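Below you'll find the structure, written out as structure tokens, and then a few comments.
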Amino acid sequence: MAERARIAVFISGAGTNMAALLYASRMPECPYELVLVASNDPAAAGLKLAEAEGIATFALSHKGMTREAHDAAMEAAAKEAGAEYIVLAGYMRILSAGFAARWAGRMLNIHPSLLPKYKGLDTHARAIAAGESHGGASVHLVTSELDAGEVLAQIAVPITPGETAESLAARVKLAEHQLYPRALADYVSRWRNPAWLLAQVRSLALALPETSEQESFGAAGFRVGTGKAGKYFAYFADRHHGHQGIALLVKTSGPDELAALVEDRPEAYFRPAFYGASGWVGIVLDRRDLDWQDIAAWLRRSWRSAAPKRLTRLMDVAEQF
Ligand code: GRF
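The sequence shown begins at -10 in this note's numbering and counts up by one.
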């Protein structure tokens, strides 16, 4: 089985979401595993379950500690366990800005409302009082602003006549237990999701001057320049002519550079069928450790080699400053 993403879960209480994440991770094909369950409350019920399931645990009360010192100890435990992601599941602590920043894009939370509605506490009572037809839950990325990071997935739960905050909370939890494992699995496997990869490439390619997207033989292609004078500088190829992976095709300086790349790093570069003779290289995108800065640099270079002089001249001037 392919290597799985390593997850540390932080809890403060019952840990039922942690349990849902844990048992989902025991199903075949789950792309993540729990390597640590940590809590700011040594009495948190979830710790016992994690222990019984053979998962490493860490508990440290925050009482008498500064926020920074407590965060640092929790973070150290996650690192020690080799966690690649920290997943908050009922972790009732505000995180220091530095901690959130260091884990940007690698820390998730579940919040019991349909964000951006009802951030903070007492979400169910507030949703009922406002006459909402639905409550629900959201999985989102954690930033230093409370419950405000990008929403990754949501599930709505109807509010029934005579609903109380408690009855709604209980049903929302059932929904959370379905939502969180699925959202986490999707997130940690986005690196091999063609739609996500294409969206990343698209936003980098179309951020370059005078570019447009035009399909070419079933592949998404990116052009620079207008109308007939335009030229392709990149193609996004999902399983390009017998190649196994998902790839970006860009222009190198020519056949020599192409040959050197393919020889040095065959896991990352390949000679694409039909394009190779003119110096186009295939860059394998579905790699866990893909460096997007590198992809951005390749796109810029390829753009530059296809762009008309009037545009590259402008770039040259801009880059002098
Ligand atoms: C959940 O409702 C979650 O949305 C919120 O805290 C609760 C945690 O419950 N952030 P549990 O500890 O997972 O049972």
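All C-beta atoms in this analysis are idealised placements derived from N, C-alpha and C, irrespective of residue type, glycine included.
Everything numeric in this text was worked out from a predicted model, so none of it was measured.
Counted within 10 angstroms of its Cβ, other Cβ atoms place residue i as buried (16 or more) or exposed
i: Thr46; result: buried
i: Thr153; result: exposed
i: Leu195; result: exposed
i: Gly151; result: exposed
i: Ala(-3); result: buried
i: Asp60; result: buried
i: Ser192; result: exposed
i: Glu64; result: buried
i: Gly79; result: buried
i: Trp281; result: exposed
i: Ser242; result: exposed
i: Lys298; result: exposed
i: Met(-10); result: For Met(-10), the predicted structure reports a pLDDT of 46, less than 50, and the residue's modelled location is therefore unreliable. A value from the coordinates is still provided. The residue is exposed, with fewer than 16 neighbouring Cβ atoms inside 10 Å.
i: Ile83; result: exposed
i: Val146; result: buried
i: Thr112; result: buried
i: Ser50; result: exposed
i: Gly35; result: buried
i: Val24; result: buried
i: Thr149; result: exposed
i: Tyr264; result: buried
i: Ala93; result: exposed
i: Gly138; result: buried
i: Asp30; result: buried
i: Glu121; result: buried
i: Ala(-6); result: buried
i: Val190; result: buried
i: Leu303; result: exposed
i: Lys266; result: In the sequence as presented, Lys is not what sits at residue 266; that position holds Ala. When all chains shown are included, Ala266 counts as exposed.
i: Ala218; result: exposed
i: Phe310; result: exposed
i: Gly71; result: exposed
i: Ala118; result: exposed
i: Gly43; result: exposed
i: Ala39; result: buried
Pair within 7 Å by beta-carbon distance, residue i and residue j
i: Ser1; j: Met81; result: yes
i: Tyr169; j: Leu10; result: yes
i: Gly268; j: Leu247; result: yes
i: Ser294; j: Lys240; result: yes
i: Val26; j: Met7; result: yes
i: Val128; j: Ala89; result: no
i: Leu157; j: Gly124; result: yes
i: Ala66; j: Pro101; result: no
i: Ile235; j: Leu288; result: no
i: Tyr21; j: Val161; result: no
i: Val140; j: Leu104; result: yes
i: Asp320; j: Pro261; result: For the chain, the structure presents residues -10 to 310; residue 320 sits outside this window and is missing.
i: Ser291; j: Phe206; result: no
i: Ser85; j: Glu57; result: yes
i: Leu135; j: Lys106; result: no
i: Arg277; j: Trp180; result: yes
One or two residues paired with residue i in a DSSP bridge
i: Leu36; result: Looking at the DSSP assignment, Leu36 forms no beta bridge with any residue, so it has no partner.
i: Gly124; result: Val146
i: Tyr224; result: Gly210, Leu238
i: Trp269; result: Lys240
i: Arg(-5); result: Glu22
i: Glu202; result: Phe211
i: Ser28; result: Ile0, Ala48
i: Leu11; result: Per DSSP, none; premise fails for Leu11.
i: Val140; result: His129
Residue i CB to nearest heavy atom of ligand 3 below 6 Å
i: Ile99; result: Ligand 3 is not part of the structure shown, which contains ligand 1 as its ligands.
Segments assigned alpha helix (DSSP H), at least 4 residues, entirely inside the stretch 47 to 118: 56 to 69, 86 to 91, 112 to 118
The stretch 273 to 284 touching the stretch 241 to 257, judged by at least three CB pairs closer than 8 Å: yes
Contact the stretch 56 to 75 vs the stretch 92 to 109: 3+ CB pairs below 8 Å: yes
Sufficient close CB pairs (3 or more, under 8 Å) joining the stretch 158 to 168 to the stretch 207 to 222: no
Entirely enclosed alpha helix (DSSP H) segments - the stretch 147 to 184, minimum 4 residues: 154 to 177
Ranges of the beta strand (DSSP E) found wholly within the stretch 248 to 293, counting only runs of at least 3: 269 to 273
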